[in-house]
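Heads up: the structure comes next, in structure tokens.
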């Protein structure tokens with residue numbers, strides 16, 4: 001069936017819900033998870049953050065002695081939350097790239113011809129990213145734990161960090177899937193990579209804002225990435241605190257809500273245009 | 275083919291590569307934006323690292339701007355390799371290989387363009403430094419030295435990238451080009467000097483030849499220029515350029531066969 005013929009039998013245009021969300025969502029989520037497993041590029045968001053964690057720890061270990069640096073056992077403890085955030089942000093880009101590929105090769109159009117609820121098309125893609133992020137977080141916790149890092153907040157802190165990883169994946173995945181649906185271009189999604197890099201660098205992810213100065217510090221303190229990383233970091237280096245957990249999860253959830261709204265609008269726009 | 279004819283072919287290829295800057299700004303602008311961002315981000319984020327005892331300067335820009343400049347120059351060289359890869363994929367190289375040219379001329383053209391293109395990112399990084407009040411104790415000679423090292427690093431990176439492009443000839447090549455470059459750079463004194471490093475990185479950076487290149491490039495920004503800090507870097511660049519040019523030459527010769 002040609003794409004144009006497919007759209008003729010599509011459900012009412014702009015519809016974001018359908019007969020039943022469960023089964024198609026499970027099938028699409030499974031497809032997305034399998035894609036993450038099969039793609040060699042999935043190693044990048046796992047290996048690169050670990051490489052940079054090892055590199056930065058060896059480079060900046062002695063910075064922990066600078067006055068104003070938070071009390072930590074080692075720089076790796078300081079970096080743990082940043083490594084999770086970095087890895088999950090990089091991995092989340094892939095969810096958008098997969099969606100763009102589906103649009104490019106016509107698979108998305110074929111899905112529109114079926115009675116699949118439109119929301120399942122979105123959530124299915126993001127479910128794979130969230131599951132991958134949760135696994136990534138556990139992996140980072142184990143590897144950096146072997147390297148000497150520890151979560152002072154204990155098992156409850158670990159659970160919050162895994163949830164945090166999932167929410168960050170949802171937040172970045174929402175943006176990227178939205179971009180994919182609007183542009184239908186994998187290049188456009190991959191081209192967003194530097195923006196993620198800039199957001200990370202202009203935050204407290206790699207160094208405390210207390211040791212920055214001037215406009216750079218102002219910018220880093222106003223960056224929502226700093227707010228969520230600082231919450232997650234407090235659990236790692238200081239111990240359990242409801243405030244820190246709420247800050248990490250709340251900011252990530254807030255960002256996820258915003259980006260999901262963007263993705264949903266982009267989906268409705270794409271469905272109308274098809 | 276005479277030397278003059280080879281020079282004409284190289285010149286034409288270099289000119290073509292430079293014209294791409296105007297024709298395809300989307301491919302060139304990132305190589306200009308990246309060093310600017312790196313200079314701003316590293317100087318802003320890691321400003322306090324200069325407070326660690328043993329750090330050779332108290333001005334973060336003097337340490338990180340040369341890094342941004344060299345990284346930008348190196349990625350300019352990778353851009354030359356990516357251009358060649360595009361030409362191979364579109365069949366331009368097939369037509370080029372049918373023309374009466376030598377492998378040396380085909381390699382020299384892009385390399386020449388690379389050395390010239392390096393001026394853009396190095397200038398951009400330096401501009402950030404000067405705007406933020408960077409100190410250059412070595413004076414203008416320090417700046418000139420950094421520009422020259424930038425051109426040499428770009429040549430080295432371009433040779434590496436061209437060699438890979440001629441051999442791999444698929445979209446797997448860019449990943450290899452960048453991975454090689456990132457490893458060479460980051461496993462050296464890119465972020466902090468040897469005296470501040472700890473553990474495994476200190477061991478690796480001490481034997482990584484790129485450490486000598488950074489010492490050469492940074493010396494005018496940290497103090498006076500000395501022969502002691504110059505010759506090891508010169509040696510590494512000479513050997514590196516010769517080796518990567520040979521790598522590219524053999525690659526194009528293989529392509530010709």
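Protein chains in written order, with our numbering: chain C, 1 to 274; chain R, 275 to 531. Ideal placement from N, C-alpha and C gives every residue a C-beta, glycine not left out. In this text, all values refer to a predicted model and were calculated from it rather than measured experimentally.
Under 8 Å by Cβ, that's how I've got residue i and residue j pegged, so tell me the actual separation to the nearest angstrom.
i: residue 200 of chain C; j: residue 79 of chain C; result: That belief does not hold up - the Cβ atoms of residue 200 of chain C and residue 79 of chain C are roughly 12 Å apart, past 8 Å.
i: residue 229 of chain C; j: residue 203 of chain C; result: 6 Å
i: residue 427 of chain R; j: residue 347 of chain R; result: 5 Å
i: residue 429 of chain R; j: residue 284 of chain R; result: About 14 Å separates the two Cβ atoms, so there is no contact after all.
i: residue 275 of chain C; j: residue 136 of chain C; result: Any property of residue 275 of chain C remains undetermined from this structure, which presents chain C solely from 1 to 274.
i: residue 125 of chain C; j: residue 43 of chain C; result: Not confirmed; about 20 Å, so no contact.
i: residue 207 of chain C; j: residue 320 of chain R; result: 6 Å
i: residue 55 of chain C; j: residue 349 of chain R; result: Their Cβ separation, rounded to whole angstroms, is 18 Å, which puts residue 55 of chain C and residue 349 of chain R out of contact at 8 Å.
i: residue 497 of chain R; j: residue 424 of chain R; result: Residue 497 of chain R to residue 424 of chain R, Cβ: 20 Å. No contact.
i: residue 433 of chain R; j: residue 522 of chain R; result: 5 Å
Report yes if the C-beta distance between residue i and residue j is below 8 Å; otherwise report no.
i: residue 85 of chain C; j: residue 162 of chain C; result: no
i: residue 455 of chain R; j: residue 431 of chain R; result: yes
i: residue 491 of chain R; j: residue 344 of chain R; result: yes
i: residue 160 of chain C; j: residue 249 of chain C; result: yes
i: residue 62 of chain C; j: residue 478 of chain R; result: no
i: residue 196 of chain C; j: residue 93 of chain C; result: yes
i: residue 439 of chain R; j: residue 359 of chain R; result: yes
i: residue 173 of chain C; j: residue 96 of chain C; result: yes
i: residue 451 of chain R; j: residue 525 of chain R; result: no
i: residue 72 of chain C; j: residue 237 of chain C; result: yes
i: residue 122 of chain C; j: residue 256 of chain C; result: no
i: residue 191 of chain C; j: residue 259 of chain C; result: no
i: residue 351 of chain R; j: residue 383 of chain R; result: no
i: residue 480 of chain R; j: residue 507 of chain R; result: no
i: residue 140 of chain C; j: residue 49 of chain C; result: yes
i: residue 59 of chain C; j: residue 341 of chain R; result: no
i: residue 314 of chain C; j: residue 98 of chain C; result: With chain C represented from 1 up to 274, any question about residue 314 of chain C goes unanswered, as that position is not in the structure.
By Cβ distance below 8 Å, which residues in the same chain neighbour residue i in space, the five residues on each side in sequence not counted?
i: residue 4 of chain C; result: Any reading at residue 4 of chain C needs caution, since the residue's pLDDT is 44, under 50, leaving its predicted position unreliable; the model's value is listed next. Contacts found: none.
i: residue 415 of chain R; result: 494 and 499
i: residue 328 of chain R; result: 467, 469 and 470
i: residue 251 of chain C; result: 224, 227, 228 and 231
i: residue 417 of chain R; result: 400, 410 and 494
If I measure Cβ to Cβ from residue i and keep anything under 6 Å in the same chain, skipping five residues before and after, which residues do I get?
i: residue 324 of chain C; result: Residue 324 of chain C lies beyond the stretch modelled for chain C, which goes from 1 to 274, so this question has no answer here.
i: residue 10 of chain C; result: For residue 10 of chain C, the pLDDT reaches just 48, beneath the cut-off of 50, and the residue's location in the model is therefore unreliable, although a value from the coordinates is still provided. If we look at residue 10 of chain C and ignore the five residues flanking it on each side, its Cβ neighbours are 112 and 113.
i: residue 310 of chain R; result: 398 and 402
i: residue 149 of chain C; result: 76, 77 and 80
i: residue 394 of chain R; result: 306
i: residue 231 of chain C; result: 244, 247 and 248
i: residue 233 of chain C; result: 81
i: residue 182 of chain C; result: 266
i: residue 295 of chain R; result: 302
i: residue 527 of chain R; result: 377
i: residue 380 of chain R; result: 526
i: residue 510 of chain R; result: 483, 486 and 487
i: residue 24 of chain C; result: 116 and 120
Here's a check: name, in chain order, each residue in its chain whose Cβ is nearer than 7 Å to the Cβ of residue i, leaving out the five neighbours to either side.
i: residue 184 of chain C; result: 100, 103 and 104
i: residue 404 of chain R; result: none
i: residue 335 of chain R; result: 317, 403, 406 and 408
i: residue 193 of chain C; result: 93
i: residue 156 of chain C; result: 240
i: residue 91 of chain C; result: 45, 129, 132, 133, 136 and 169
i: residue 154 of chain C; result: 240
i: residue 322 of chain R; result: none
i: residue 462 of chain R; result: 479, 482, 484, 485 and 488
Hey, quick one: how far does the alpha helix (DSSP H) through residue i stretch, first residue to last?
i: residue 81 of chain C; result: 75-104
i: residue 332 of chain R; result: No alpha helix (DSSP H) contains residue 332 of chain R, which DSSP labels as neither H nor E.
i: residue 48 of chain C; result: 44-60
i: residue 448 of chain R; result: 447-460
i: residue 246 of chain C; result: 242-273
i: residue 116 of chain C; result: Where residue 116 of chain C is concerned, there is no enclosing alpha helix (DSSP H), given that its DSSP letter is neither H nor E.
i: residue 228 of chain C; result: 224-237
i: residue 153 of chain C; result: Premise fails: residue 153 of chain C is in no alpha helix (DSSP H) and is neither H nor E.
i: residue 66 of chain C; result: No alpha helix (DSSP H) contains residue 66 of chain C, which DSSP labels as neither H nor E.
i: residue 148 of chain C; result: Per DSSP, residue 148 of chain C belongs to no alpha helix (DSSP H) and is neither H nor E.
i: residue 471 of chain R; result: Careful: residue 471 of chain R lies outside any alpha helix (DSSP H) and carries neither H nor E.
i: residue 295 of chain R; result: 277-297
i: residue 499 of chain R; result: Taken as a continuous stretch (DSSP letters only), residue 499 of chain R belongs to no alpha helix (DSSP H), as it is neither H nor E.
Tell me whether residue i counts as near the ligand GDP, meaning its Cβ is closer than 7 Å to at least one heavy atom of that ligand.
i: residue 330 of chain R; result: The ligand GDP is not part of the structure shown, which contains no ligands of any sort.
Starting from the N-terminal side, write out each stretch of the alpha helix (DSSP H) that is 4 residues or longer and does not extend beyond the region 338-394 of chain R.
366-372 and 377-391
Whole runs of the alpha helix (DSSP H) within the region 160-213 of chain C, excluding any shorter than 4 residues
186-190 and 193-201
Of all the alpha helix (DSSP H) runs that stay within the bounds of the region 386-439 of chain R, which reach a length of 4 or more residues?
393-405
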